[in-house]
Structures are given as structure tokens and as C-alpha cells.
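Mapping of the sequence shown onto the working numbering: residues -16 to 33, in sequence order. The block underneath contains the structure these notes are about, expressed in C-alpha cells.
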Amino acid sequence: RVAGVETVLSGFGRLREVQVGLDGALYVTTSNRDGRGRPRSGDDKVLRLL
């Protein structure tokens, strides 16, 4: 049961995967070039969150 929803990242498009790195940081990948919408240069990224 979902108790609530909180937006922690916005403006990056579709977030695909979240992993914890060996350095303890969170790594998030985006997936904006999968045939949905209009992809732009630099759409797909790997984000590192401290």
C-alpha cells in the first residue's frame, strides 16, 4: 500500500533505474530515447546524487 508520493527529481524526463554505487552515492539513469516523445540531444543521462 502506497502511503504517499513525493517528487524528489524533476526536469530530467523518464527515470529508468536507481542503484547505490560502491561510493554510497545514488545513480539514476534516464530513458527518453525509447520511441516515446521527441528526443533531444543529451536526453539520456546517468545522474549521480550525493
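By construction, the Cβ of each residue, glycine as well, lies at the ideal position given by its N, Cα and C atoms.
Practice prompt. Let me know the secondary structure DSSP gives R31 once reduced to three states.
Written response: strand
Practice prompt. Give the DSSP-derived three-state secondary structure of L(-8) in the structure shown.
Written response: If DSSP states are grouped into helix, strand and coil, L(-8) belongs with coil.
Discussion item. Whole angstroms are fine: how far does the CA of R(-16) sit from the CA of L30?
Written reply: 28 Å
Worksheet entry | As assigned by DSSP and simplified to three states, the class of L5 | Correct three-state label for L5: coil.
Discussion item. Rounded to whole angstroms, what is the Cα-Cα separation between V11 and Q2?
Written reply: 7 Å
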